Amino acid sequence: MTDKTPAEEVLCPVALTLSLIGGKWKALILWNLLEGTMRYSALRKAVPDATPKMLTQQLRELEADGLVSRTVWPVVPPRVDYALTPTGESIKPILTAMYRWGDAYLAKRNRKSCCSMKPPADE
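The opening residue of the sequence shown carries number 47 in the working numbering; numbering runs sequentially from there.
Written out as structure tokens, the structure is:
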């Protein structure tokens, strides 16, 4: 038995990256967490097309892969916060490049982005 996650069994770096962020909603979750810690309810609003089950599943996978941390606060009602780990933060340049590429693609097609979150100005 190995301590590696299924994603770490992939040897090609591109395939590994895609296995880590390539879930249906993972990149959007990570993109939104670039702004900082978010509660589960805020993530639900930020990724409205993801069902609660799928959002939870994607968050668990991101947590298992060490990209997202989950903090459960001992309060009533329960409060759960999600944040990027340092490894998760390191994906910022990739997500910013994806945003810019997609934005340029939309511009070539004379379409506008519906994404309300823009990449940081310093990137």
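Don't be surprised by glycine CBs; every beta carbon is placed ideally from N, CA and C.
Quick caveat: nothing in here was measured; it's all calculated off a predicted structure.
Cβ separation of residue i and residue j, assumed to be a contact under 8 Å, to the nearest whole Å
i	j	result
Thr83	Asp127	5 Å
Thr142	Pro165	4 Å
Leu101	Val93	6 Å
Arg125	Arg85	7 Å
Glu109	Arg116	5 Å
Local conformation of residue i per DSSP, three classes
i	result
Ala129	strand
Arg85	strand
Ser159	coil
Lys164	coil
Lys70	coil
Exposure of residue i, with buried meaning 16 or more beta-carbon neighbours within 10 Å
i	result
Leu57	exposed
Trp77	buried
Gly68	exposed
Gly148	exposed
Ser65	buried
Ile140	exposed
Lys72	buried
Asp243	Only positions 47 to 169 of the chain appear in the structure, and residue 243 is not among them; the question remains open.
Glu81	exposed
Glu135	exposed
Met47	At Met47 the pLDDT is 46, less than 50, meaning the model places this residue with poor confidence; the figure from the coordinates comes in the next sentence. Result: exposed.
Limits of the unbroken beta strand (DSSP E) element including residue i
i	result
Trp119	Val114 to Trp119
Residue i: first and last residue of the uninterrupted alpha helix (DSSP H) it sits in
i	result
Pro139	Lys138 to Lys154
Leu80	No alpha helix (DSSP H) holds Leu80; DSSP gives it neither H nor E.
Pro94	First-last for Pro94: undefined, no H or E at that position.
Leu62	Pro59 to Ile67
Residue i beta carbon near the ligand ADP (any heavy atom closer than 7 Å)
i	result
Leu57	In the structure shown, the ligand ADP is absent, as is every other ligand, since no ligand is present at all.
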